[in-house]
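Take a look at the structure set out below.
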Amino acid sequence: MGNFGIWVLTICLIFQSGYGFYLPGSYPLKHVVGNYLSVKVNSLTSIDTEMPFGYYSLPFCKPVEGVKDSAENLGELLMGDRIENSPYRFKMHTNETEIFLCQTNKLSSDDFKLLTKRIDEMYQVNLILDNLPAIRYTRKEGFMLRWTGYPIGVKIKDVYYVFNHLKFKVLVHKYEETNVARVMGTGDAVEGFPSEPIVFTYEVTFEESDIKWPSRWDAYLKMEGAKVHWRDLTRYEELDKEAQAMVNEELSGWKLVVGDVFRAPSNPALLCIMVGNGVQILGMAIVTILFAALGFMSPASRGTLITGMLFSYMILGIAAGYVAVRLWRTIGFGDHKGWVSVAWKAACFFPGIAFFILTILNFLSTHPSWWILWG
């Protein structure tokens, strides 16, 4: 009983000295009225292509203090995020109009071609305020549609226009303390003007909102048009019944190959490797969904999802090796010969292929002249 009492006392002391904490990326920030809010920019993304580009790869306004990269984790790097500072600054709870940002020099032919190319490829500008992506709202046929980011420009009758004036609306939730608020969301609308040279301006308005801090991501996670169409499901079910009837007519043919099920595979090592990696991927999905449901992979913490998936995939390599070797032993009727080779292939085969492809793509993206040689 003496040892048991000591253990109970130790556990009680540990709980007594414990402190509450916020999950990574979920800590609420308080902004005093009059303080400046800095807007950050992310990589330019397109709905037409998967290749991201840096925001300052185009002739946009740069901060006076210089461009500075934000610290990024592995997940953000793999997703192509490149978060940098910007010259956009808001004064908390202060509405401002027609703020002059900068005027670019006359665009060179290369800058003009690059800008028009990005417009044709439908690239979007992604702004971030208080770790929230800026959302563009529009009302169409009674529905409120929302997108993250806004297009660089638009082409109308063979004439290119750049969106050089931004209208920001910042939603804030008043905190219990005096003159303190939290940013709950951002919205922006844009106007198009011809460019050469380009004059960038913006305006900002603050609006109080009843959206509390834990619910500020609801607008981003809510999917429009995600209703279940029961009639479509019923029609699909009828098609499945017809297909099942056709399959039942062909079941007699399977009796001719029933003996093949119990024959040894022609390449048992590859089968064991694929089954082991399948277990690894399935386990990664289950662990990721579990931790995401518990809130450990909040969307506020950028890149956490990808980082968590990679970490769990790496840890579950133990399970993949065990399953592959176990299946190898079963196929070999208890013979362990060659199990080391199977374990190594299960650990390196598919990750090696993915790493090889990623290395080649990364090399080609940094050496575009190789595309000309291959073409």
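Mature numbering (1 follows the signal peptide of the UniProt record, and there is no 0) puts the sequence shown at residues -20 to -1, 1 to 355.
We put the CB at the ideal spot given by N, CA and C, even for glycine.
Inset, instruction - Measure the C-alpha to C-alpha separation of Leu250 and Ile337 and round it to an integer number of angstroms. - result: 20 Å
Legend entry - Segment limits, alpha helix (DSSP H) that includes Thr268: 248 to 273
Inset, instruction - Tell me whether Phe123 is buried or exposed, calling it buried when 16 or more other Cβ atoms sit within 10 Å of its Cβ. - result: exposed
Legend entry - Given 8 Å, three or more beta-carbon pairs between the segment 144 to 154 and the segment 53 to 65: no
Inset, instruction - Output the boundary residues of the alpha helix (DSSP H) element that contains Ile298. - result: 297 to 311
Inset, instruction - Return yes when the Cβ of Ala300 is within less than 7 Å of the Cβ of Leu334, no when it is not. - result: Here the sequence assigns Ala to residue 334, which means Leu is not the residue at that position. Their beta carbons are not under 7 Å apart, which means Ala334 does not touch Ala300 by this criterion.
Legend entry - Option nearest Asp100 by Cα separation, candidates Asp28, Thr84, Ser50: Asp28
Inset, instruction - Since I believe Asn65 is in contact with Lys93 (beta carbons under 8 Å), could you give me their beta-carbon distance rounded to a whole number of angstroms? - result: Incorrect: roughly 27 Å between the Cβ atoms, too far for contact.
Inset, instruction - State the DSSP-derived secondary structure class of Arg126, mapped to helix, strand or coil. - result: strand
Inset, instruction - Between the Cα of Asn257 and those of Tyr103, Pro245, Phe186, Trp324, spot the shortest distance and give me the residue it belongs to. - result: Trp324
Legend entry - Contacts around Ile132, its chain only, beta-carbon distance under 8 Å, and the 5 residues preceding and following it disregarded: Leu24, Leu38, Leu95, Arg98, Ile99, Tyr103, Gln104, Val105, Val142, Phe143
Inset, instruction - Output the boundary residues of the alpha helix (DSSP H) element that contains Thr96. - result: 89 to 100
Inset, instruction - Please report how far the alpha carbon of Tyr182 lies from the alpha carbon of Lys86, in whole angstroms. - result: 20 Å
Inset, instruction - Give a yes or no on whether the C-beta atoms belonging to Ala304 and Ile253 are separated by under 7 Å. - result: yes
Inset, instruction - For Phe329, I'd like the list of residues in its chain whose CB is within less than 7 Å of its CB, leaving aside the five on either flank, ordered along the chain. - result: Ile253
Inset, instruction - Determine which residues share a DSSP beta bridge with Gly133 and list them. - result: Val142
Inset, instruction - Can you check DSSP and say which residues form a bridge with Val119? - result: This sequence places Arg at residue 119; Val is not what is there. Paired residue(s): Met124.
Legend entry - Exposed unless 16 or more other CB atoms sit within 10 angstroms - verdict on Met294: exposed
Legend entry - DSSP bridge partner residues for Leu344 (one or two, in chain order): Its beta-bridge partners do not exist; DSSP assigns none.
Inset, instruction - Give the single residue among Ala272, Lys192, Asn15 whose Cα lies nearest to the Cα of Lys71. - result: Asn15
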